[in-house]
Amino acid sequence: MPTPYCYFKGEIVPLEEAKIGVMTHAFNYGTAVFEGVRGNWNPDAQQAFLFRLREHFVRLEQSAKILRMAPRENVDRLCEIAVELVERSGFTEDVYLRPMVYLSGEVLGVRLHNVEQDTLIFLSPFPAYLPETARCHTSTWRRVNDTGIPPRAKVTGIYVNSALAKTEANLNGFDEAIMLNEDGHVSEGSGENIFMIRGGKLIAPTPADNVLEGITAKSVVELARNELGVELVERQIDRTELYIADEVFMTGTAAHLTPIVEIDRRPVGNGEIGPITRKLSDLFYDCIRGKSEKYQHWCTPARVPVAH
Ligand code: PMP
C-alpha cells in the first residue's frame, strides 16, 4: 500500500507523524514560503518524473531570500530528499510535492527576524486540477502588489488573495479566476500564469505585473520558441484584449497547460482549443512524462518499487 512520507525536522517520517504545534509562527502569521512540484507518473516506464525539480528549489531559495529566510539544505540535497520521498511513498499515480521553508518557532510576535525556521517537504496524490478546457471570469479581487506582499515570492500568506479569487470564481460557476492588478491590467490566475495569442504572437504580462515567475510558463515559452518558432512578447494586457484574443491558456504546476475557452461569458476565439495552444499542449504533455528525448533534462526520474 502506498504511504505518504514527509521530510520533517531533518528526517523522513510517515506523513501522519509530521505534526506542528498550534503556536507555530507560520501557522499564525503566514510566514512561510513554499513550492509545488509535480511527480508525473509514466505507466509505460513505471516511473514518476519530477518536473524541473532543481528550478523549483532555486525558486524556493529566492522566495526565502525575500523573506530573509534560507533553507538549511542546499538545492542538491533538497532534490535528493524529494526523489527519496517519491520512491518511499510508492504512489503509482501523479503526485504533488510541497516543499516549504517556514518560521517554525512557537513564539508570538509579528516579524521575520529572530524566529526559528525549518524546512519540510510533504507529498500527496494529485490528479488534474482544472478541467481539460476551462471557463474563467475576471475576479473582483485585485492581485496583491509587490509593495504589499510580493507575489514573486511564493509566500503562504499571499494565498488568501488567491483563495478569495478562486472561491468567488467557483461559486459563480467558473473554473478559474483571472486577476487584474490594481491598475486594471491582467496579472494571472489564482494559481496559474496566463498567456494569449493574437495574430500568431504569444503574449504574456511582464514579470513586473505582480505575477509569480512560473516554471511551467518558462518551459512552455521555450517549447514555443524552439519547436514552433513563436517568440514571447511580454507587455501589459487589458482585460478586453483577452475577449478578442485568438487563443488564451493558463500554465501552472497544478494546472499544467489548460486552454481557456470562455472568459466573462464570451467565447475565446471560436470557443474551442486553438491551433497553437493545441500544439504546445501536445509537446508539453509529452515532456512532463519523460517521453521527449530532447527535454529529458526537465525530468528527474523516481523509481517507485512496484508491488507484486
Ligand atoms: N501563479 C501563481 C499565483 C501560482 O501559485 C502558480 C503555481 N505555482 C503559478 C503562477 C505557476 O507557477 P509554476 O508554473 O511555477 O507552478
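Numbering that gives the first Met the number 0 puts the sequence shown at residues 0 to 307. C-beta: ideal position from N, C-alpha, C; glycine also. All of these numbers come straight from a predicted model, not from anything done at the bench.
Applying the criterion that 16 or more other CB atoms from any shown protein chain within 10 Å of the CB defines a buried residue, is residue i buried or exposed?
i, result
"R224", "exposed"
"R288", "buried"
"G228", "exposed"
"V159", "exposed"
"T250", "buried"
"E46", "First, the amino acid is wrong: residue 46 is Gln here, not Glu. Classification for Q46: buried."
"L170", "exposed"
"M22", "exposed"
"T137", "buried"
Rounded to whole angstroms, what's the CA-CA distance from residue i to residue j? Just pull it up for me.
i, j, result
"V154", "I243", "33 Å"
"A127", "A69", "31 Å"
"D43", "I236", "41 Å"
"A17", "S103", "13 Å"
"V114", "V210", "28 Å"
"G199", "K217", "18 Å"
"A176", "L163", "10 Å"
"P300", "T91", "13 Å"
"G38", "R110", "34 Å"
"T276", "N73", "36 Å"
"L66", "E54", "19 Å"
"L14", "F121", "7 Å"
"T252", "V36", "6 Å"
"M0", "D93", "16 Å"
"P124", "E187", "25 Å"
Can residue i and residue j be called in contact, C-beta distance under 8 Å?
i, j, result
"S88", "Y28", "no"
"L129", "V219", "no"
"K8", "D117", "yes"
"I196", "G147", "no"
"R51", "I193", "no"
"E212", "R151", "yes"
"L84", "L96", "yes"
"C135", "E271", "no"
"V82", "L49", "yes"
"L256", "V247", "no"
"R302", "E167", "no"
Between which two residues does the beta strand (DSSP E) containing residue i stretch?
i, result
"S186", "185–188"
"S123", "116–124"
"T257", "255–262"
"E175", "175–179"
Pull the bridge partners of residue i from the DSSP assignment, please.
i, result
"N192", "T250"
"K200", "R197"
"Q46", "N41, R302"
"C5", "V12"
"D237", "H184"
"K137", "With the sequence shown as reference, residue 137 is identified as Thr, and Lys is not the correct amino acid for it. Looking at the DSSP assignment, T137 forms a beta bridge with I177."
"F33", "M99"
"V232", "I202"
"V94", "G38, P124"
"R265", "I262"
Along the alpha helix (DSSP H) that carries residue i, what are the first and last residues, could you check?
i, result
"T165", "The question names Thr, but residue 165 is Lys in the sequence shown. Looking at the DSSP string, the run of the alpha helix (DSSP H) that includes K165 is 158–170."
"E131", "Unbroken run through E131: none, as it is neither H nor E."
"P274", "274–287"
"R224", "214–227"
"L107", "Per DSSP, L107 belongs to no alpha helix (DSSP H) and is neither H nor E."
"I148", "Here I148 belongs to no alpha helix (DSSP H), and DSSP marks it neither H nor E."
"Y28", "24–28"
For residue i, is the beta carbon positioned less than 7 Å from some heavy atom of the ligand FMN?
i, result
"G38", "This structure lacks the ligand FMN; its bound ligands are the ligand PMP."
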